[in-house]
Each structure stands twice: as structure tokens, then as C-alpha cells.
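For the sequence shown, our numbering gives the first residue as 865, with consecutive numbering after it. Ideal Cβ placement from N, Cα and C applies to all residues, glycine included.
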Amino acid sequence: MLDEVLALLSPAAKQSPLPVFVDCTFGAGGLTRSILERIPGSRVIALDADPAAVARAEALREQQPRRVTPVHANFAQLADALASVGVGSVNGVVYDLGLSSLQLADAARGFAFAGEGALDMRLDPTSDAATAAQLLATAKEGEIADIIFEFGDERNARRIAREIVKRRTRSPLRTTSDLVAAVLAAQPRGARGKRGTIHPATRTFLALRMAVNAELDGLARSLEAAIACVQPGGRIAVISFHSGEDRVVKHQFAAWRRTGVAETLTRKPLTPTQTEIAANPRSRSAKLRGTQRTRAPLPRSA
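As C-alpha cells, this is what we get:
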């Protein structure tokens, strides 16, 4: 959805001859490269919690040293990240939430159930945050069930949580295959193998990743920082892949509209075309929303 994102962001560039944008989720760098190529004179502050993504941003800075500023930070740390590079206000902020294909392909990160790796799931593996394995080793059965149900919308959440707790009494779940085995063992008879269904572990892995990284809370904090740093006429664009993420964005944009500090640009979220879905099946759940900052002062609570 690069074209749609650029269409939302480009008008904000007219506010300055040298517009500054923040890519809160640099990842593989696709959004940042598109901004640099299609918005003349633009500069991008590239944030990412993943050191591997920051290294890719550093490589891009070597090619365009005055236009890319990498920062190793989670998007929840947006305000501090901007302060660290001496930037007070920007023309636009963009988010492409979820995981990159590079993260999913790296079995050692523990994000994917297809390979064999440590049950880590931290976006920043250098941090001292608890891993998925540590969470599953210490959380109560009810807490695990709530995480899997609320973040993964998994109807078998209680069965899966019960199986995890039963297995951890014998041996801790340390690897992705350990978790997959627990999920499969918890499936109701006849549920596995139905045509057209996703892998039984998909929602559990998604839910644990979001819990380990506190992604919804982090997104809410980041949006609060984004509206405070965007100039009048500046824009915020968010691509989400999860109903919980989209709900956070939708409700925050609506709150800004009610207080008059921003105008919603997308009455309904933009979604990928069938051509894009055919080329990239992972994009099928993408939703893009945009908003524009007004000149109204922010409420004190914002």
C-alpha cells in the first residue's frame, strides 16, 4: 500500500522546503525509501526496536547521509527518540505495524511456528524484557488464556493455556516447536486439518508476540507522542494488520477529531487491492488510516 501511504503523506511535505518524516517501523526500509524517492528534499528519521533493522537503516544512511537518521528505539519511545536527535517537530509520522518478512524468516527470533528456534519473540532481542518462554513459564493459566484470547481471538484459548501449564510442569517450553506441540495437543478432535483454515498455532504465536512486546499499549503511547510532534498540516498514517491495532488507531483518531486537534482523512480504512493481495498474501488484512493535524491546541491531557 505504498502508493496510498505516499498519497496521504505527500501534501504534508508542502509545509516545508525540507520536510521531515518519521518512519516508526523501519523494518526492511520500504516506506523510508519510497518517501526519499517520491518526496523531494525529504528527510526520514528511521526508528526500529530491532537492531537488525537499525543496521539496515545505517546502511541506507551511508548511501544518503543527510537524509536518513537511524534511531534504535521502539515506537513507544517516539518522543525520546526525536529529542535524542534534536528534532522538535515533523511533517509526518508513518507506521507499518506487525512483523517484516525478514523477522518471520529468521527462525532464531521465535516469531514463526514453521521453523525451530528459541521461544523469544522480543522485537529487541538485546533488551532485558521477558521472553515468550519466560512469560509462559511464570504466568498463571488464566493469564495465558486471556492473552491468547484477547490478542489472538483464539476460541480454544483456555484449552491451549491448560495444555501449556500441564506441559510446563514436566518441562519448560523453550522452543517454538514446544509451543506448537502444546497448541496441536489442545485442539478439539477433528479441528485440525480442515481445508481453508490457518495453522492452529497462528493466533497463539501472534498473541504472545503482542503481549511480550506490549504492542497495543506502545502504539497508544506512540500516537500520543506523534500528535504532539506533528506540525499543523502534518499527517499521521498507520497501516495495521490486527483488529486490536486498528481499534486503537480508529479510537484515537476519533478522539482527536472530537477535540478538534486533527481531521480524519480516511472515513473508512483503505485496504489493499486484489492485485496487491495476489502479489503479497500477507497484505490481505492490512488497513490504512490517516489523519491531519489542525492548528487547535492540544488538550492538557493529550
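Residue j beta carbon less than 8 Å from that of residue i
i	j	result
Ala1089	Leu942	yes
Gly891	Ala917	yes
Ala996	Leu987	no
Cys1093	Val954	yes
Val886	Ile903	no
Thr1158	Val1125	yes
Arg1023	Ala1050	yes
Arg1032	Ala1001	yes
Phe1117	Arg1067	no
Ala1046	Glu1027	yes
Val935	Ser948	yes
Leu999	Ala877	no
Asp1095	Gln879	Reading off the sequence shown, one finds Gln at residue 1095, where the question assumed Asp. Contact flag set, yes.
Leu895	Asp970	no
Ala921	Ala937	no
Leu1043	Ala1065	yes
Leu1162	Ile1091	yes
Thr1130	Arg1121	no
Range covered by the alpha helix (DSSP H) that runs through residue i
i	result
Phe934	It is worth fixing the name first, because residue 934 is Pro in this sequence and not Phe. No alpha helix (DSSP H) holds Pro934; the beta strand (DSSP E) holding it covers 932 to 936.
Leu866	866 to 873
Phe939	Counting along the chain, Phe939 falls outside any alpha helix (DSSP H), and DSSP gives it neither H nor E.
Val1047	1040 to 1049
Asp992	Taken as a continuous stretch (DSSP letters only), Asp992 belongs to no alpha helix (DSSP H), as it is neither H nor E.
Glu1018	Run containing Glu1018: none; DSSP gives neither H nor E here.
Ala876	Note, Ala876: premise wrong, no alpha helix (DSSP H); not H, not E.
Met1074	1066 to 1076
Gln967	965 to 969
Ser1086	1079 to 1093
Leu900	894 to 902
Whole-angstrom C-beta distance between residue j and residue i, which should lie under 8 Å
i	j	result
Glu1018	Ile1012	5 Å
Gly979	Thr1040	7 Å
Leu911	Cys888	5 Å
Leu873	Ala1150	About 16 Å separates the two Cβ atoms, so there is no contact after all.
Leu963	Phe975	6 Å
Thr990	Pro883	Wrong, their Cβ atoms sit about 32 Å apart, outside the cutoff.
Ala994	Gly981	Contact flag wrong, Cβ pair sits at about 17 Å.
Leu870	Ser898	6 Å
Gly1082	Ala919	At roughly 22 Å, the Cβ-Cβ gap does not stay under 8 Å, so Gly1082 and Ala919 are not in contact.
Leu1134	Glu901	Actually they are not in contact, since the Cβ atoms of Leu1134 and Glu901 sit about 21 Å apart, beyond 8 Å.
Gly865	Pro1052	Reading off the sequence shown, one finds Met at residue 865, where the question assumed Gly. In fact, because the Cβ distance is near 37 Å, the residues do not count as touching under 8 Å.
Residues bridged to residue i (per DSSP)
i	result
Val918	Paired residues: none, contrary to the question.
Arg1099	Gly956, Gln1156
Ser1104	Lys1151
Leu1134	Leu1152
Ala1143	According to DSSP, Ala1143 bridges with nothing at all.
Ala982	Thr1039
Element boundaries [beta strand (DSSP E), containing residue i]
i	result
Asn1128	Checking the displayed sequence, the identity of residue 1128 turns out to be Thr instead of Asn. 1126 to 1128 is the extent of the beta strand (DSSP E) around Thr1128.
Phe885	884 to 887
Arg907	907 to 912
Minimum Cβ-Cβ distance from residue i to chain B less than 8 Å
i	result
Arg1111	The structure shown contains no chain B, having only a single protein chain.
Between the segment 1143 to 1157 and the segment 1100 to 1114, can you find at least three pairs of beta-carbon atoms closer than 8 Å?
yes
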